[in-house]
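Only one structure is covered here, and it is reproduced in the block below.
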Amino acid sequence: MGHIPLSWYLILSAILFGTGIAGFVYRKSVITVFMSIELMLNAVNLSFVAFSYQLQRIDGHIYSFFVMVVAAAEAAVGLAIILTIFKNRGTLQIDEVDSMKL
Amino acid sequence: MNFFIVSLIKIAIVFAVFMTTLAYLQWVERKVLAHIQSRTGPLRVGPHGLLQPLADVFKLLTKEDLLPPYVNRFFYLLAPFLAVSLALVSISIIPFGPEVNFFGTRTFMQISDLRVGILFVLALSAVSVYGIALAGWSSNNKYSLLGGLRSSAQMISYELPLTLAIVSPLLLANHLSFREIATSQAGYYLGFIPRWNIFQMPFPQIFAFIIFMIAGFAETNRLPFDLAEAENELVAGFHTEYSSMKFACFFMAEYANMVTITCVATLLFLGGWHPLFPAPYSNWVPSAIALLAAIVFFLQLRDPARKRDRFTFPVFALVALVAAVLFAIPFLQTYLVPLFWFCSKAGLLLFTYIWVRGTLPRFRYDQLMHFAWTFLFPCALLNLLATAFCVAVF
Amino acid sequence: MNLWLIPFFPFAGFVLNGLLGKRLSKTFVSLIAIGSVAASFAFVLALLGKVYPLNVPFSDHYFTWIQSGSLSIGCDFVVDRLTAVMLLVITGVGLLIHIYSIGYMAHEEGYSRFFTFMNLFMFFMLVLVLAANLLLMFVGWEGVGLCSYLLISFYFKEKFAADAGNKAFIVNRVGDFGFSLGIFLTVILFGTLDFGHISSTVAGMPVETSAHMVTAITLLLFAGAIGKSAQFPLYVWLPDAMAGPTPVSALIHAATMVTAGVYMVARLSFLYDHAPMAMHVVALVGLFTAIFAASIGLVQNDIKKVFAYSTVSQLGYMFLGLGVGAYSAGIFHLMTHAFFKALLFLGAGSVIHGLAGEQDLRHMGGLRRAMPITFITLGIASLAISGFPGFSGFFSKDAILSAVYERSPWMFWVGAFTAGLTAFYVFRAFFLAFFGKYRGHHHPHESPLVMTVPLSVLALLSLVGGFLSVPTWLSGVYPLGEERTFPMVVSALCGILGICIAGWFYVIRPSMAESMKASAGPVYTLLENKYYVDELYAETIVKPVIGVSRSLLWRGVDEGFIDTGLVTGIARVVRGWGSLFRQWQSGSIRNYATWILAGSLLVIFVLGLFGGAR
Amino acid sequence: MDTFLFIVCAIVSVGCAVNLVLQKHPISSALSLIGVMGSLAVLYLLLGAEFIAMAQMIVYGGAVMVLFIFVIMLLNAGTEKTSAKSWFAQIAGFPLLSAFVALLAFLIKVVLPPLHPVEFGSWVGGTAEAIGMLLFTKYLLPFEVTSVLILIAIIGAVVLARKEID
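As given, the protein sequences belong to chains Z, W, D and S, one line each in that order.
Numbering-wise (the numbering used here), the first sequence opens with residue 216 and increments by one.
Numbering-wise (the numbering used here), the second sequence opens with residue -18 and increments by one.
Numbering-wise (the numbering used here), the third sequence opens with residue 203 and increments by one.
Numbering-wise (the numbering used here), the fourth sequence opens with residue 52 and increments by one.
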């Protein structure tokens, strides 16, 4: 009962981050890829909060707060972009959005 | 260990009372609506239809649990569960009264006190969108989908004025815990005006209260904002495909949300369990009201409208008399009077809900959005600015 | 004392007419143009009246134009006696020609454009004359070249006019190339371009030590003069330049611009004095050009062409005078020539105007009754150019020939013969135009007053110009030549003889000319085709240049090397590498993400195991 | 109790995260992500970050993910198709990923200095009051800049979403 090593939190964060990367690399739907990014941000937030506990300072909380706020802004713009992509291309498959290539 | 036992007892009490309240709230609503519309309402099951909620529960439980073949099963089943559980959770942090000494154990009349209670309620109300959205989406029905989309958009939109309206009492109380907020509203100006937030500067806070209530109507998808289930447009909105117990879940969730909103409004603006009059008088108000009710019942007995009233009215009068006596016992007064005040305020707000439902027509969808973003939101902002100014200056 | 105002007036006229000319009425345009030149002329008169004796040069410094190391070139104007003569000639004759242009150009398209360019020309010519250093002079030099080009191509819708403009411009470039080389050499040798400084420096130099450099400088500058003043072998542009309007021919291609070379040599006389060989070259070129052009002029049928070759020939005379050291005589002839040659051209212009554009002598004749004023004034000009005693040309030509006789008699005899030829072809044209029967189709009429008044003024000047003894006026600057009776008599006799023969051929016995033509046969053909010089140039210079440009430079260097080799070659190499690296830029976001993953793995590895984290 | 809560939440979050990646339908992925966020909020509470925990639920759970679900519902995003493109990602992705996670775990275990064990309630720094104090003093400029950023994001989203592109 009681004490959990802080490194567990960090390793959990690493695992979540890795899962996010896996989602980014292997998923083909733009929305899922975007969600994977959010997952990575969440993992990083966990690290921030964990380190904040280690240092007994709440600056880490502030950082994760900013991450959340920026993530919200990013989600708004990102989803608008996805909407526009869908309007223009009629697809959400990330591999089919490659017209920048010659 | 004491903590666990007390907590379990409190949970049991609150659950029982809460569920009963939800069931009878529906009866009250039907009755009130009926009287607004010059009808009698439920009358057959039990005296004055008092057993109608029980009958409804049996009916819903015993109906066939229909599972349409074309739905997304997992989410279809998850949605009502999510809706009702999230709605029920929020009652756990609502304080109904002050700290009491209960046979040597000091405890709060509240399941748990959270330092960030308001944020918790906001979080729950934010998450409760999923129940409706998922229900609409998983039903695989365009009416459901439209209802789900509408209500999620509506809830997101009205969450902003709601939050902004909450912020002003928070500024006055300087706390996020419901208990502290309620405690900070104790006392009277000039000996007779209660220091409730609604009587605080600026304006006074009546604007914040009104904005909160309007946004609360929208958050609970009640009339005049029940666009999600506008039956003449969308059949029944997001719960078109739901039946029996799953439908009951949505129903319960709606009423639970109503109760939560009224409780929060009571706590934030109406001083929680603090009485309207200073203590010496207010302790006798419940008894007086109960006594008055008993007298009214006895007087009604002289000329009963229906035959069975000859039997029921004395019973009701007796119950009221017992209540008056109970409220008059000084030992019980410490427990019951705050509860009375809290419940009467919340009940008044609940009555307002029903009253509004019975009188106002429904908004159109674009009017709804327009109202939220171009009127309610700026008003909330202005109110917040004024409050912040007052707090900073005084 | 505000020398800058002299060129400023025409410049202001140029700006006004150039910017607003299209909107203004013709009256207003001509008012601006003539007013500006008149103001300039009046200012010159006032200035000279104020500083009359002008024993010391008068100079103004405005600002330092170029400051580079020890080399400092300022914007300086200077007025000495030589400049004074030039200023008077330019503004005076220029004013008359401007007035004349009102009448001549009255019905032409591009009225304001014409006066704009004319004013610009006046500006540059005055800058050229006033300049106190070589570079500023070069500015004026190039400026008048530009105006000459613009005005020759005035009828730019006609191909021959545009071609003539191009020809003038390109041929002048050859000379100007030499001129600029001369300027560079001057900078190297003297470290300054200021006339005063060069003069004092070169005066201290013994002739022997500096000879080669100074010779080189003078010859190079003379190359510029050859181009500008249409000397052999770069004279070819001037006859073609007659494509421009006649007032332009009178002002630019007779009176002023073409004499810029003469002015330049006179201005730099201190240098030429130190380079005897260059002087010899100047004299020889001048002499050869004089007789060469005169011989061509004998058989030309276009009235303006006759006078154009006559101009070339007379310029040769001037250089001949300069070459034998008679600078003041050269300038004297420059002045009188400005008078009578401008008059000749304006008279020819009057004839052409009266005949609605007819220029061919064979379609004229008997005009003396139809245009009496033109007849009289043109007659005076012809007598003046022929060196008829008493007329202005007599004095100036005599001054030159006297100096030449002193230096080398054979040159004198050639010069005298040329004078005879000059008299002959000028009077040939004169007789063909005004005597005999009218052979044209148009109805000839006298020109308006605005044209005849300048003619009369110029005729007066041609009559009495010889008595304005320029050599005496310049005696402080250049040594005064000795007057001799023998060359005077010989040249006068040659001139009279030429007039008589012309009269005999074209008035008394018109058939003589035809028989002469028939008997001269091949010589006539040679002369008529101007010694085939243009064709020679076309064959030896133009065609090879075009051929080399086309085959080697265009096809070979530009297309083969630069286009194919450098431009497309580099592009091909880049594309080749690009197609390799393009595999990397797959456009697939997931691939990019994988690369980012690999990169961050590397970074964390390095930082974590070897870097700051430890 | 702490350990139990942590283990449960960790398992839930990892399970939901893996589910996010494995699910073929975006809406399942989105719900999995909400699960991750919820369990993370509990973990934040364990770490004494109650304000962040609530903000996580309100901002992420309530706002961001609702937007996601909204867009998924709006676009009616179906299951994804298999694609032959991005061969590099298919081949190199997994080895790199395992190396990455392994490296991180190694660094956490070996390189980091000794860490505090986490005990619930032993340090509660993340109250709303403390965060508010820091946010409006030390981090005032970032805070204001962030608000401007959000404003820009709102305008950008509106412009992007309503623009009529042929």
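Beta carbons: idealized from backbone N, C-alpha and C, even for Gly.
Keep in mind it's a predicted model, so treat the numbers as computed, not measured.
Endpoints, the alpha helix (DSSP H) within which residue i is located
i	result
Y139(W)	K123 to A154
W267(D)	Counting along the chain, W267(D) falls outside any alpha helix (DSSP H), though it belongs to the beta strand (DSSP E) covering F260 to S270.
L273(D)	Here L273(D) belongs to no alpha helix (DSSP H); instead the beta strand (DSSP E) covers L273 to V281.
F590(D)	Taken as a continuous stretch (DSSP letters only), F590(D) belongs to no alpha helix (DSSP H), as it is neither H nor E.
R160(W)	F159 to T164
F494(D)	P478 to G499
M184(S)	A179 to F187
H399(D)	F397 to A405
L221(D)	L207 to L222
K228(D)	K228 to K252
D347(W)	Y346 to H351
Below-7 Å beta-carbon distance, residue i vs any chain S residue
i	result
L317(Z)	Because the pLDDT at L317(Z) is just 47, under 50, the model does not fix this residue reliably, and the point stays unresolved.
I806(D)	yes
L803(D)	yes
S234(Z)	Checking the sequence, you will find Thr at residue 234(Z) rather than Ser. It does: the Cβ of T234(Z) has a partner Cβ on chain S nearer than 7 Å.
G810(D)	yes
L270(Z)	no
T306(Z)	no
I137(W)	yes
M255(Z)	no
Host beta strand (DSSP E) of residue i (start-end)
i	result
R87(W)	T86 to M90
Min CB distance residue i to chain D below 7 Å
i	result
V209(S)	no
M143(S)	What sits at residue 143(S) in the sequence shown is Ala, not Met. Closer than 7 Å to some Cβ of chain D, the Cβ of A143(S) qualifies, so yes.
L154(S)	yes
V161(S)	no
I296(Z)	no
F239(Z)	yes
D310(Z)	yes
Any chain W beta carbon closer than 7 Å to residue i
i	result
E195(S)	no
E170(S)	no
A179(S)	yes
I103(S)	no
Interface flag, residue i vs chain Z, CB-CB below 7 Å
i	result
S79(S)	no
V63(S)	no
D217(S)	Confidence at D217(S) is low in this model, with a pLDDT of 49, below 50, so its placement is unreliable and the value that follows should be read with caution. By this cut-off, D217(S) is not an interface position.
Selection of the region 775 to 800 of chain D by Cβ proximity to chain Z, strictly under 8 Å:
R784, Q787, S788, G789, S790, I791, R792, A795, T796 and L799
Residues in the region 241 to 253 of chain Z with C-beta within 9 Å of chain C's C-beta atoms, listed in sequence order?
Looking for chain C here will not work: the only protein chains present are Z, W, D and S.
Count the CB pairs spanning the region 318 to 325 of chain D and the region 260 to 276 of chain D that are closer than 8 Å, and state whether there are at least three.
no
If we count Cβ pairs, one from each stretch, closer than 8 Å, do we get three or more for the region 135 to 153 of chain W versus the region 360 to 370 of chain W?
yes
Complete alpha helix (DSSP H) runs within the region 107 to 133 of chain S (minimum length 4 residues, chain order)
116 to 126
Is there contact here, the region 337 to 357 of chain D with the region 237 to 254 of chain D, by at least three beta-carbon pairs under 8 Å?
no
Using a Cβ distance threshold of 8 Å, determine whether the region 271 to 286 of chain Z contacts the region 73 to 92 of chain S, with at least three qualifying pairs required.
no
My parser needs the alpha helix (DSSP H) runs of 4 or more residues fully inside the region 280 to 354 of chain D; what are they?
283 to 306, 313 to 332 and 336 to 354
At a Cβ cut of 8 Å, what residues of the region 745 to 773 of chain D count as close to chain S, listed as they run along the chain?
none
Counting only runs of 4+ residues fully inside the region 644 to 698 of chain D, write out the alpha helix (DSSP H) ranges in chain order.
651 to 666 and 672 to 675
Please list, in chain order, the residues of the region 335 to 354 of chain D that have any C-beta partner in chain S closer than 9 Å.
none
Taking contact to mean at least 3 C-beta pairs separated by less than 8 Å, is the region 512 to 521 of chain D in contact with the region 554 to 572 of chain D?
no
The region 89 to 106 of chain S touching the region 136 to 154 of chain S, judged by at least three CB pairs closer than 8 Å
no
Is there contact between the region 205 to 219 of chain D and the region 304 to 319 of chain D, where contact requires at least three CB pairs shorter than 8 Å?
yes
Between the region 476 to 492 of chain D and the region 375 to 392 of chain D, are three or more C-beta pairs nearer than 8 Å?
no
Kindly provide the ranges of any alpha helix (DSSP H) runs that are 4 or more residues long and lie completely inside the region 503 to 554 of chain D, ordered along the chain.
505 to 525
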